[in-house]
Amino acid sequence: MKLVYCWSILASVAVASSLCCGNVGAQEPERRWTFGLGVAIESNPYLGATDDTTVKALPYIAYEGDRFSVSPEGLEVGLYENDRIRLEGLVAPRWQFSDPADVPDLSDMQREISVDAGFRLSTETGPVSISFDYLTDISGRHKGQEVALTAGVVSQITPRWTVAAETGARWRDGDLGTYMYGVFADEARLGRPAHSVSGTVSPFFGATARYALTDRVALVGGVEFEMIPDEGRDSPIIDADSQYGAFLAVTMRY
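Per the working numbering, the very first residue in the sequence shown carries number 21; after that it's consecutive.
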């Protein structure tokens, strides 16, 4: 199953790190590189999994240009912007932490990293932002599509503390839903019937906090929670009602 949280967590690190809370001199060059290292944990929803969670080190390298940015969450290219809206082109890997192939009874089922492409349309009013994302598979892995509607808010609590929160919902078509939660016909076995998933909607919530240790170095942490849709919970390989992820990292900007 594709990790639904990893790219959002990495994006939150990038956004939070860009909100520099230290005092920077007016003549200091703009910092475009972000480096980070942390630990991420994600729940494992698969039936028969030895561990309920997966823990991994999370390296992070990102670059922000005037009209584009590159990070582990992918490539974002600015296509159009005015005082109300921003349109970006997206190329994004669909990362995986938990893989059904790692579960003994599901070792013949493998879900690999895919690459999606699409666009993001967003608007901001003060600390509040609203975005609409569309992604479709260009790697031939799941051949599906995803639409996400997200509302977020960022608040600088003190000169060192910044917090951000977002909520929304993700719609996925049957191809992507089956790739994430289902069992394809050629994967069906005794006690594991084929299971198809149609279009589904999954609400989610995430929060990120950043503490500036210096004007370059920060401690960043975050959590995200997403509901597994009914058709996903009905799958013979899923043993959870929701998924969650969390991370803690140290980042540095240059």
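Ideal Cβ positions, reconstructed from N, Cα and C, are used throughout, including at glycine.
These numbers come from a predicted model, not from an experiment.
Measure the Cβ-Cβ separation of residue i and residue j and say whether it is below 7 Å.
i, j, result
"Arg180", "Ala232", "yes"
"Phe224", "Glu246", "yes"
"Gly265", "Glu93", "no"
"Ser142", "Arg87", "no"
"Glu186", "Gly138", "no"
"Phe55", "Ile81", "yes"
"Val123", "Gly211", "no"
"Ala184", "Thr228", "yes"
"Arg230", "Thr182", "yes"
If I'm right that residue i touches residue j with Cβ under 8 Å, what's the distance once you round it to whole angstroms?
i, j, result
"Val217", "Gly197", "3 Å"
"Tyr66", "Ile258", "7 Å"
"Val270", "Gly109", "Not confirmed; about 31 Å, so no contact."
"Gly78", "Ala112", "The question names Gly, but residue 78 is Leu in the sequence shown. Actually they are not in contact, since the Cβ atoms of Leu78 and Ala112 sit about 17 Å apart, beyond 8 Å."
"Pro249", "Thr220", "4 Å"
Residue i: which of the options sits nearest, CA to CA?
i, options, result
"Gly164", "Glu101, Ala269 and Val135", "Val135"
"Ser91", "Arg114, Glu244 and His162", "Arg114"
"Thr170", "Ala229, Ser222 and Leu210", "Ser222"
"Asp71", "Met272, Ala269, Val270 and Ala260", "Ala260"
"Ser89", "Asp119, Arg52, Val59 and Pro120", "Arg52"
"Asp195", "Leu110, Ile81, Phe117 and Arg131", "Arg131"
"Gly252", "Gly188, Thr73, Ala214 and Ala60", "Ala214"
"Ile177", "Ser159, Pro147 and Phe267", "Pro147"
"Glu96", "Leu126, Met129, Ser159 and Asp153", "Asp153"
"Ser151", "Ala189, Arg230, Asn64 and Thr73", "Ala189"
"Asp157", "Gln263, Ser149 and Tyr199", "Tyr199"
DSSP three-state label for residue i, please.
i, result
"Thr74", "strand"
"Gly194", "helix"
"Gln263", "strand"
"Pro223", "strand"
"Tyr199", "helix"
"Arg52", "coil"
"Glu251", "helix"
"Pro120", "helix"
"Glu132", "coil"
"Ala205", "helix"
"Leu107", "strand"
"Asp125", "helix"
"Thr187", "strand"
"Ala238", "strand"
"Ala232", "strand"
"Ala60", "strand"
"Arg180", "coil"
"Pro256", "coil"
"Gly211", "coil"
"Arg114", "strand"
"Asp157", "strand"
"Thr145", "strand"
"Ala82", "strand"
"Ala69", "coil"
At a Cβ threshold of 7 Å, is residue i touching chain B?
i, result
"Val97", "The chain inventory of the structure shown lacks chain B, comprising one protein chain alone."
Can you confirm whether the region 196-216 touches the region 235-243 when touching is taken to mean that 3 or more C-beta pairs between the two stretches lie within less than 8 Å?
no
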